[in-house]
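These notes concern the structure reproduced below.
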Amino acid sequence: MNKASILSTASELRKRYGIPDPEKLCKDAGIILLYSQMGTEDYACKGFILKLGSTVSITINSDLPEDMQKIILMHELSHYFLHVSTGLAGAFQDFSAFSEAEIREYEANLLTAELLISDTELTELLSEGFGFFECAAKLRVPAELLDFKLRLMREKGAAIAEAPISALGGFMQHLRMKD
Numbered sequence: 003m004n005k006a007s008i009l010s011t012a013s014e015l016r017k018r019y020g021i022p023d024p025e026k027l028c029k030d031a032g033i034i035l036l037y038s039q040m041g042t043e044d045y046a047c048k049g050f051i052l053k054l055g056s057t058v059s060i061t062i063n064s065d066l067p068e069d070m071q072k073i074i075l076m077h078e079l080s081h082y083f084l085h086v087s088t089g090l091a092g093a094f095q096d097f098s099a100f101s102e103a104e105i106r107e108y109e110a111n112l113l114t115a116e117l118l119i120s121d122t123e124l125t126e127l128l129s130e131g132f133g134f135f136e137c138a139a140k141l142r143v144p145a146e147l148l149d150f151k152l153r154l155m156r157e158k159g160a161a162i163a164e165a166p167i168s169a170l171g172g173f174m175q176h177l178r179m180k181d
């Protein structure tokens with residue numbers, strides 16, 4: 003799946019569900035949302051999606067800070083809309099240097115960034131002179147997720163500089179658990 007396809011998926015989701023609130027999106031999509039304490043160690047599970055038959059559930063680590071819970075929930079929803087609901091778990095292109103798992107994570111990060119970070123809000127922050135890491139802090143997102151958003155904005159034709167980092171698809175599993 004390429005960036006243009008992911009942008010198209012984001013557009014379709016906005017048309018169908020409006021501004022994406024991850025908890026409401028779960029309810030509207032018929033996904034069971036669970037919260038469970040999974041620990042506060044940096045290596046602790048942050049969240050996962052499970053499909054058994056026609057039942058889909060997402061479980062989020064309730065020990066995470068609230069902002070991170072929202073990001074992880076949208077990331078798991080992105081897996082649902084890109085991979086689980088479409089049956090495309092094995093059909094990938096454009097990222098052949100990565101393993102399939104890395105590709106799925108990369109794609110989910112792109113969709114998460116597109117749905118959670120407003121083009122308008124980010125453009126305003128950049129025009130006000132805020133740097134990359136300041137924008138990430140003001141938007142309350144990991145810098146890696148902002149890197150994914152900038153990639154998509156360039157895909158849409160925005161004249162935006164590249165990020166000072168280059169995030170990998172699996173960055174979320176390495177996020178720190180505490181603020």
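Residue numbers for the sequence shown, in the numbering used here: 3 to 181.
Ideal Cβ positions, reconstructed from N, Cα and C, are used throughout, including at glycine.
Pairing Lys72 with Leu177 gives a Cβ-Cβ distance that is not under 9 Å. Sequence-distant partners of Ser168 (beyond 5 residues in either direction) whose C-beta falls short of 7 Å from its own C-beta, in its chain, are Asp149. Apart from the 5 residues on each side of it in sequence, His81 sits with its Cβ closer than 8 Å to the Cβ of Ile51, Arg106, Ala110 in its chain, given in chain order. For Ile8, the uninterrupted alpha helix (DSSP H) run begins and ends at 5–19, by DSSP. In the displayed model, Thr57 falls within a strand according to three-state DSSP. If you draw a 10 Å sphere on the C-beta of Thr11, you find 16 or more other C-beta atoms in it, and that means buried.
Secondary structure note for Ile74: its alpha helix (DSSP H) is the uninterrupted segment 68–81. For Ser129, the enclosing alpha helix (DSSP H) starts and ends at 121–129. By the Cβ criterion, the stretch 13–22 is not in contact with the stretch 32–47, since fewer than three pairs of Cβ atoms, one from each stretch, lie closer than 8 Å.
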